[in-house]
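Participant: First, the structure itself, so that you have it in front of you.
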Amino acid sequence: MRLEIEFTKSALKDLKSLPRDIQERVIGVLLRIRSNPYKYSKKLAGTDFYRVRVRDYRIINWISDKIYVLKIAHRKKIYRYF
203 MRLEIEFTKS
213 ALKDLKSLPR
223 DIQERVIGVL
233 LRIRSNPYKY
243 SKKLAGTDFY
253 RVRVRDYRII
263 NWISDKIYVL
273 KIAHRKKIYR
283 YF
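Numbering of the sequence shown is given in the numbering used here, commencing with residue 203 and proceeding in unit increments.
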């Protein structure tokens with residue numbers, strides 16, 4: 203079963219602000235995790251959110267009937283939001 207991927211407005215803005223090679227990697231990783239998101243994601247402590255690592259960047263998502271991408275940022279900055 204492949205889950206749909208839905209981006210928040212801020213996640214789309216984050217994606218567009220990344221370097222082109224990182225954008226391509228992020229999209230590739232998201233397409234890959236659609237079939238089994240829990241296998242490739244780590245749960246954030248104290249929340250219902252998950253993270254996926256893409257080089258020095260992190261994708262924060264929430265998994266239910268879809269994969270909701272909430273934020274994409276450099277690993278130094280991402281955890282300020284969660």
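Note that beta-carbon positions come from the ideal geometry of N, C-alpha and C, so glycine has one too.
Considering only the alpha carbon of each residue, which of K244, D267, L272 lies closest to F209?
Facilitator: Here the closest residue by C-alpha is L272.
Participant: Secondary structure at Y283, three-state DSSP: helix, strand or coil?
Facilitator: Coil, per DSSP.
Participant: Could you pull the DSSP bridge partners for I274 from this structure?
Facilitator: Answer is I261.
Participant: Determine whether the beta carbon atoms of I262 and L205 lie at a separation below 8 Å.
Facilitator: Cβ distance not < 8 Å, so I262 and L205 don't count as in contact.
Participant: Do you know how far the Cα of G248 is from the Cα of E226?
Facilitator: When rounded, the distance between both Cα atoms is 30 Å.
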